[in-house]
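Here the sequence shown stands for residues 1 to 294, numbered as in UniProt numbering.
We put the CB at the ideal spot given by N, CA and C, even for glycine.
In what follows, a structure is listed as structure tokens, so that the remarks can point back to it.
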Amino acid sequence: MKTLNIDKNKTTALIQLLDDPNTEIYNTVKKEILLLGSQLIPFLQEEFDHSNSDLQKYRLAELLDNFKLEHLKNEIVKWSQNETNNLLKGLFLIAKFGYPNLNENEVITTIQLLTQEIKPLVQNKSNYEIMQAMNTVILDDHKFGGNYKNYKGINNSFINKVIQDKVGNPIMICVLYLLVAQQLNIHLIGINSPKHFILAILNNNPTELSFYNDEPINQIDFFIDPFYQGVFYGNDRFNSILTEINFDLNEKIFLPATNLDIIKRVMKNLIYALHTTGEKKSATDLLKIVDLLS
């Protein structure tokens, strides 16, 4: 457990009182705990994981929800304003909404391992060979892939669970590729396709990209869909896919995704998953946070 700037004895005593059936006592204790702020999240999560009292667990869950939402709102808004170049940090902020005590090093170590294995395979190679190598290492050797059985599962939106379970929804499998590509200076970008999220690799040595005009879409070599076994296809096939769903091809220039676009889509997937599992309040609260992101 992390070292917190709190009085552990006082906090332990307050948590023990959460088992008291007296509502008045609970309301008083709740106010005191809320005053201590989101620094309590790891401590409360640990207590929740080890509690044998249904009442105490229910109340701990209520407090955790309050703290986690407030923490996510504050941190993700700051990230959106100052740190959008750090995609992994944004993903960790979302993951900590579900798993406050997640092990960041486990995720970082996996990304480093994939990067080390891919690096010697992509030096001085064509884009086609680069993407073949990434598919081989990530999909074949390490067995990452699409979560076809539980496509709408909540854990698909948490990077730590995708790393642990080796399955995810389209955007999270794509994110894994993007995180590795960033380490190797591979010019891979996300494509915010309305059907599902995919990737595109750009022509060699692209100019400094601007996501506020049509530069990225005009520099695409071909598209990659990691969720469906890493299949490649060209611009004509992509246009056909968009036409099939009545997408205006004139709007295609807006599909290349910034890190902020990616984080917003990950959060929207999580919101949808929460809503479909009956956690409608959490879904509504998260939607309000997405609306704050610039």
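In terms of Cβ geometry, S157 and V266 form a close pair [threshold 7 Å]. If you draw a straight line from the Cα of K73 to the Cα of D65, it comes to about 12 Å. In the three-state DSSP reduction, F232 falls in the strand class (E or B). Here F223 really is in contact with A200; their C-beta atoms are around 5 Å apart, less than 8 Å.
Between the alpha carbons of L292 and I262 lies a distance of about 15 Å. Sixteen is the threshold: since fewer than 16 other Cβ atoms of the shown chains lie within 10 Å of the Cβ of G37, the residue is exposed. Buried is the label assigned to K96, since at least 16 other Cβ atoms lie within 10 Å of its Cβ. Counting other Cβ atoms within 10 Å of its Cβ, N105 stays below 16 and is therefore classed as exposed. By the CB criterion at 7 Å, V231 and K264 fall outside the cutoff. In the structure shown, the three-state DSSP call for I186 is coil. Judged by beta-carbon spacing, L14 lies within the 7 Å limit of I33, meaning their Cβ atoms are closer than that value. Here the C-alpha atom of Q56 lies approximately 26 Å from the C-alpha atom of A273. When the alpha-carbon of D221 is set against those of G146, E129, N246, the nearest one is in E129.
L44 is positioned such that its CB atom lies no closer than 7 Å to that of V29.
If you look at I253, you'll find it isn't in any alpha helix (DSSP H); DSSP assigns it neither H nor E. Relative to the Cα of I245, the nearest Cα in the group G278, L286, P194 belongs to P194. For F223, the uninterrupted beta strand (DSSP E) run begins and ends at 220 to 225, by DSSP. Assigned with DSSP and collapsed to three states, L287 falls in helix. By a beta-carbon distance limit of 8 Å, N169 contacts Y151. Their separation comes to about 6 Å.
Between I159 and L270, the C-beta gap is not smaller than 7 Å, which leaves the two residues out of contact. E251 and P216 have their C-alpha atoms roughly 13 Å apart. Counting only residues of its own chain and dropping the five nearest sequence neighbours on each side, F238 has a CB closer than 6 Å to the CB of F223.
Close CB contacts of I154 within its chain, under the 6 Å cut and outside five residues either way in sequence, are with A273 (chain order). Within the same chain, and ignoring the five residues on either side of K166 in sequence, the residues whose Cβ sits closer than 6 Å to its Cβ are K143, F144.
N86 counts as exposed, since fewer than 16 other beta carbons sit within 10 angstroms of its beta carbon. In this structure L249 is exposed. Its beta-carbon is surrounded by fewer than 16 other beta-carbon atoms within 10 angstroms. Non-local C-beta neighbours of D7 in its own chain, meaning closer than 6 Å and more than five positions away in sequence, are absent. One Cα belongs to I108, the other to F48, and the distance between them is close to 27 Å.
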